[in-house]
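One structure is given here, and the rest of the page talks about it.
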Amino acid sequence: METIHPDVETVLFSEEDIAEMVKRLGAQISEDYKGKDLVLIAVLRGAVVFMGDLMRAIDAPLAIDFMAVSSYGDGAKSSGIVRIIKDLDIDIKGRDVLIVEDILDSGLTLKYLMKNLSSRNPASLEVCTFLWKDVEGKQAAIDPKYVGTHCPDAFVVGYGLDFAERYRNLPYVGILKPEVYE
Ligand code: 5GP
């Protein structure tokens, strides 16, 4: 039994659950991108943990790059405002781009990002999100090709996901106790 952080109410996905999801996604991506020119683009900072695991589960030549956008700030509510803080270093023209994201909620961040990246003429552009909050009555602005798992509409932390820059290093995903952010 792993020790649960005192600020975490419930563990949603354990280290073992996550390892299984990553393995499944890696195998699928390896198959789909056979003979392609794959570039993984992680959205900083939340997606770095997932990116690190996912890239090692992919058995195909690939390049990686990073982008940073502002979306949430330090709060638990989406602002809907997206701004590029760090752009790519590499040219994606004619390459097969897969955006690696930590969590898809409204999808506004990714919608903006995809529009921006598609203007650079990649050969293909898809999304792989670790978590998807696709709860009833909620429609995401984009449709991800790869999904680790669906997630309830609660504020979650761990495995790269933060609250005010904390909890990213938890090896599992959990729901934060409301008193921590209230
Ligand atoms: P969207 O634009 O899809 O509404 O928001 C996506 C971004 O919001 C994610 O990349 C992530 O940074 C943040 N986010 C959304 N839900 C959560 C959550 O439950 N926990 C954390 N830590 N971040 C979240």
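Take any residue in the sequence shown, count from 1 to its spot, add 288: that is its number in our numbering. Backbone N, C-alpha and C fix where the C-beta goes; we use that ideal spot for every residue, glycine too. Note that the coordinates shown come from a computational prediction; the quantities given were computed from them, not determined experimentally.
Since residue i sits in a beta bridge, which residues does DSSP pair it with?
i	result
CYS439	DSSP lists no partner for CYS439.
VAL444	ILE463
VAL355	Strictly speaking, residue 355 in this sequence is Met, with Val absent from that position. DSSP, once it has assigned bridges, lists VAL331 as partnering MET355.
ILE372	VAL357
ARG454	PHE451
LEU419	ILE391, THR437
GLU414	LEU386
Just how far apart, CA to CA, sit residue i and residue j?
i	j	result
ALA348	ILE306	21 Å
GLU297	TYR321	39 Å
ILE430	GLU424	16 Å
PHE443	THR437	15 Å
SER394	VAL357	15 Å
ARG312	VAL435	10 Å
GLY363	PRO440	In this predicted model, GLY363 has a pLDDT of only 49, less than 50, meaning its place in the structure is not dependable; the value taken from the coordinates is given anyway. C-alpha separation (whole angstroms): 18 Å.
ASP450	LYS403	26 Å
CYS416	VAL327	12 Å
ILE292	GLU389	25 Å
What are the start and end residues of the alpha helix (DSSP H) that includes residue i?
i	result
LYS322	That residue, LYS322, is in no alpha helix (DSSP H); it is neither H nor E in DSSP.
THR397	396-406
VAL336	336-345
Could you give the first and the last residue of the continuous beta strand (DSSP E) run that contains residue i?
i	result
VAL388	384-392
THR298	296-301
State whether the region 336-348 contacts the region 373-380, with contact taken as three or more CB pairs (one from each stretch) at a distance under 8 Å.
-> no
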